[in-house]
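Reviewing the structure listed below.
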Amino acid sequence: MRLILISFISAITICAGAIDGMAQIERFIPSHVRIGYDLGGMANTLLSDQLDYHDFIIDTDINKFLLNVEYGNATFQANDLYVNYKSTGNYFRLGLDYNFMHDSKDFNALFFGFRYAASTFDEEVQYPSQNAIQMDTRWPVDTFNIGNNGVNAGWVEANLGLRVRVWNNFYMGMIVRYKIKPWVNKSSDGTLAPFYVPGFGKDLNSDRWNLAYFIAYRIPFRKKKVYEEDISNKE
Amino acid sequence: MSRIKRPALFQNQLLWLLFLVIVFVHCEVENCVSLNTNLLQVGFVKSDVRFSNDYHFNLVTAVETDTIFYEDAVLQRLELPVNPNSEETEFLLEITRFRLDTIPQLPPAEDRIDTVFIGPENHFIKVNYKITQKVITTECGVDQRYSNLTFEHSFDSIEVVNTDLDRFNEVNINIIY
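In the order they appear, the protein sequences are chains F and D.
The opening residue of the first sequence carries number 571 in the numbering used here; numbering runs sequentially from there.
The opening residue of the second sequence carries number 18 in the numbering used here; numbering runs sequentially from there.
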């Protein structure tokens, strides 16, 4: 009888340990995927005749962190008095954020993290030689058609963001991005210095601030109970 | 399992407020100033003390253009615009030099100083360079930079001072002539 009792207690202890281990592992199993779209892209398409971009954001939770993957494409085109310019390309971002609201039952998020971003793009410029800045115009006018193909650029971003449930599984949010000056690698031997990097923007010699507003839809995989346990423990 | 009250900070209403009050101001300062130019600064250094500091440029032109850059000008230096459409420009110069010669006279007369005109002589300066372009902003336009200048010439000697063209160069080459 005593042996049975000891075996029973041991079995319970082992099971409890296993359950606790499972709970620990479960924290790292994502509970959802959230797919978002940057509303700035839609606004620019409607309002701007220069910039047209579409940026998709996918995130999933890993314990207190959010794993983010973003993909976008952009075309920046300007037909101005002195120059016609066009840059078109794709970009992605990959990064991990710490979610300060990891115990939110609505899966809201206030997060900070870093992204590695990379872009591949082509650009072309047309301008009459006499329109170049500080040009002595005593030569006959000729039109330059120059460009770069297959340019690669990479940069790192610090992201601070907020994501709030608005209805059902729909979320809205924003991200303030601080983009660190990119490195640019021209594969071609062109004479044009890259000007606009899709996903980063203009002015490649300095860091940039940027703001993204987005809407997202959350697709849950499973119920996430670990947070409720966390809350109980805090109590 | 008991449920707890969540901290007020994390209430959705407050989050929405935070979401709405953040105003993003984006300033982009555009500066259309460029340090680059397509003007080649050519100085002249006399090869003999008897020569005048001034040179008479009868005609200064370039291959591939009808433009006359200088005509009947008495100067000590030239500003020559290189061709922005090509990575090579050949300038043609027709120059007359002044030399002050001392003509000995029989005593008691004093020696006489005469100005002697040498020329006109025809010369060329051929410049090769690399052009690179940078869009400053689409409103400002493109900044062209001319660098790695190399020279061929018909003069006895030249001194290359600066192989990049920029607005603050006093001189790119000195011609010893």
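For glycine and all other residues, C-beta sits at the position ideal for the given N, C-alpha and C.
This structure is a prediction, so every number in the text was calculated from the model and none was measured.
Pairing alanine 687 of chain F with aspartate 667 of chain F, the inter-Cα distance amounts to about 14 Å. The closest CA to that of asparagine 722 of chain F, considering only F/Asn729, F/Leu774, F/Met705, is found on F/Leu774. In the three-state scheme derived from DSSP, where H, G and I count as helix and E and B as strand, isoleucine 750 of chain F is classed as coil. Residue state for alanine 702 of chain F is assigned as coil, using DSSP reduced to three classes. With a cutoff of 8 Å on beta-carbon distance, asparagine 643 of chain F and proline 764 of chain F are scored as not near each other.
For alanine 613 of chain F, the uninterrupted alpha helix (DSSP H) segment begins and ends at 609 to 617. By the criterion of a C-beta distance shorter than 8 Å, tyrosine 607 of chain F is surrounded in its chain by His624, Asp625, Phe626, Ile627, Phe784, Ile785, Ala786, once the five residues flanking it on both sides are discounted. Shown here, glutamate 176 of chain D sits in a strand according to DSSP, grouped into three states. Of all residues in the segment 644 to 659 of chain F, only Ala648, Asp650, Leu651, Tyr652, Val653, Tyr655 place a beta-carbon less than 8 Å from a beta-carbon of chain D. Between lysine 756 of chain F and valine 639 of chain F, the alpha-carbon positions lie close to 25 Å from each other. Interface with chain D (8 Å Cβ-Cβ cutoff): arginine 708 of chain F is included. The DSSP-derived three-state label of glutamate 104 of chain D is coil.
Isoleucine 595 of chain F carries a helical assignment under DSSP once its states are collapsed to helix, strand and coil. Taking a Cβ-Cβ threshold of 8 Å, the residues of chain F close to lysine 151 of chain D are Leu762, Ala763, Phe765, in chain order.
Judged by their CB atoms, glutamine 696 of chain F and serine 51 of chain D are not nearer to each other than the 8 Å cut-off. Among the bridge pairs identified by DSSP, phenylalanine 68 of chain D is matched with D/Arg116. Rounded to whole angstroms, the separation of the alpha carbons of phenylalanine 168 of chain D and isoleucine 148 of chain D is 15 Å.
Close CB contacts of serine 699 of chain F within its chain, under the 8 Å cut and outside five residues either way in sequence, are with Met705, Trp709, Val711, Asp712, Thr713, Phe714 (chain order). Of all alpha-carbon atoms in D/Ile153, D/Glu104, D/Arg94, D/Asp118, the one lying nearest the alpha-carbon of asparagine 191 of chain D is that of D/Arg94. Contiguous beta strand (DSSP E) elements confined to the segment 657 to 699 of chain F occur at 679 to 698, taking only those with 3 or more residues. Beta-bridge annotation (DSSP): proline 125 of chain D is not paired with any residue.
Residues of the same chain with a CB within less than 8 Å of the CB of lysine 634 of chain F, apart from the 5 flanking positions on each side, are Tyr668, Asn669, His672 in chain order.
In the DSSP assignment, tyrosine 194 of chain D falls outside any beta strand (DSSP E), carrying neither H nor E. In the pairwise beta carbon analysis, the segment 151 to 160 of chain D is classified as not touching the segment 181 to 190 of chain D: fewer than three pairs are separated by under 8 Å. Between leucine 732 of chain F and leucine 680 of chain F a beta carbon distance of about 5 Å is seen, short of the 8 Å cut, so the two are scored as contacting. Proximity of alanine 702 of chain F to chain D, defined by a Cβ-Cβ separation below 8 Å, is satisfied. Residue contact with chain D for serine 601 of chain F: absent (no Cβ-Cβ distance below 8 Å to any residue of chain D). If you check each beta-carbon in the segment 176 to 192 of chain D against every beta-carbon of chain F, the ones closer than 8 Å belong to Arg184.
Just so you know, the alpha carbons of isoleucine 153 of chain D and tyrosine 87 of chain D end up roughly 32 Å apart. Below the 7 Å Cβ cutoff, chain D contributes no neighbours of methionine 612 of chain F, its closest Cβ being approximately 17 Å away. Around the beta carbon of glycine 611 of chain F, 16 or more other beta carbons lie within 10 angstroms, which makes this residue buried. Of all residues in the segment 145 to 170 of chain D, the ones placed with a Cβ closer than 8 Å to any Cβ belonging to chain F are Lys147, Ile148, Thr149, Gln150, Lys151, Val152, Ile153, Thr154, Thr155, Glu156, Cys157, Gly158, Val159, Asp160, Gln161, in chain order. F/Val653 is the residue among F/Val746, F/Val653, F/Tyr748 whose C-alpha sits nearest the C-alpha of alanine 702 of chain F.
In the three-state reduction of the DSSP assignment, tyrosine 641 of chain F falls in the strand class, which pools E and B. The beta carbon of leucine 110 of chain D sits closer than 6 Å to those of Val77, His140, all from its chain and outside the five residues before and after it, given in chain order. At a beta-carbon threshold of 8 Å, the residues of chain D lying near valine 695 of chain F are Gln150, Val152, Val159, ordered along the chain.
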